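Working notes, beginning with the structure itself.
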Amino acid sequence: MPISHLGIRVSNIASSKAFYDAALAPLGTKVAMTFQEGKVLGYGPPKKAPYFWIHEHEDTAKEGRPVHIAFEAKSKEEVQEFYDAAIAAGGKDNGAPGPRPNYTPNYWGAFVHDPEGNNIEAVFFIPNA
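Residue numbers 1 to 129, in full-length UniProt numbering, belong to the letters of the sequence shown in order.
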């Protein structure tokens, strides 16, 4: 059964929103829903239900961090655009775009730490690799 959506807590909604707005734009993902006076944001493709949520929470615990979230890209170029946008938005490099043959022969990914320290990835699965 596929996962419908996931959410993470953040300590600062403004800095997290700025990061995710920039990093996810190349993947066609933007804020699709807002709740609790902007303290809860749902990201997804236009006119579809959000699949990724961020929620500002005052006592965001650092235990269990960082989490790893991978967003699927449509091309190697989208992976590069994600990486460039995420770095420009204040993300920290955790693996430049490129092949990851130790995962699978067709894996092309990039990794960035978001402002909260989470490991955010964009991945493209190369057809027929």
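By construction, the Cβ of each residue, glycine as well, lies at the ideal position given by its N, Cα and C atoms.
In this text the structure is predicted, and so the values were computed from the model without any measurement.
What's the C-alpha gap between Q36 and S16?
One alpha carbon belongs to Q36, the other to S16, and they sit about 16 Å apart.
Reducing DSSP to helix, strand and coil, say where residue 130 ends up.
The structure shown has nothing for residue 130, since the chain only spans 1 to 129.
Does DSSP put P99 in a helix, in a strand, or in coil?
strand
Output needed for T29: all residues of its chain with C-beta closer than 8 Å, excluding positions within five of it in sequence on either side, in chain order.
Y43, G44, P45, F52, F71
Can you have a look at I120 and say buried or exposed, based on whether 16 or more other CB atoms are within 10 angstroms of its CB?
buried
Under a three-way DSSP split, which group does A18 fall into?
helix
Which stretch, first to last residue, makes up the alpha helix (DSSP H) that contains A110?
For A110, no alpha helix (DSSP H) run applies; the uninterrupted beta strand (DSSP E) run containing it begins and ends at 107–113, by DSSP.
Between the CA atoms of A85 and V40 - distance to the nearest angstrom
22 Å
Where do the N-terminal and C-terminal ends of the beta strand (DSSP E) with I120 fall, by residue?
119–125
Tell me the rounded alpha-carbon separation between L27 and A122.
8 Å
Helix, strand or coil, according to DSSP, for A49 in the structure here?
coil
Whole-angstrom C-beta distance between W108 and I126, which should lie under 8 Å
6 Å
State yes or no: is the C-beta of A23 within less than 7 Å of the C-beta of A96?
no
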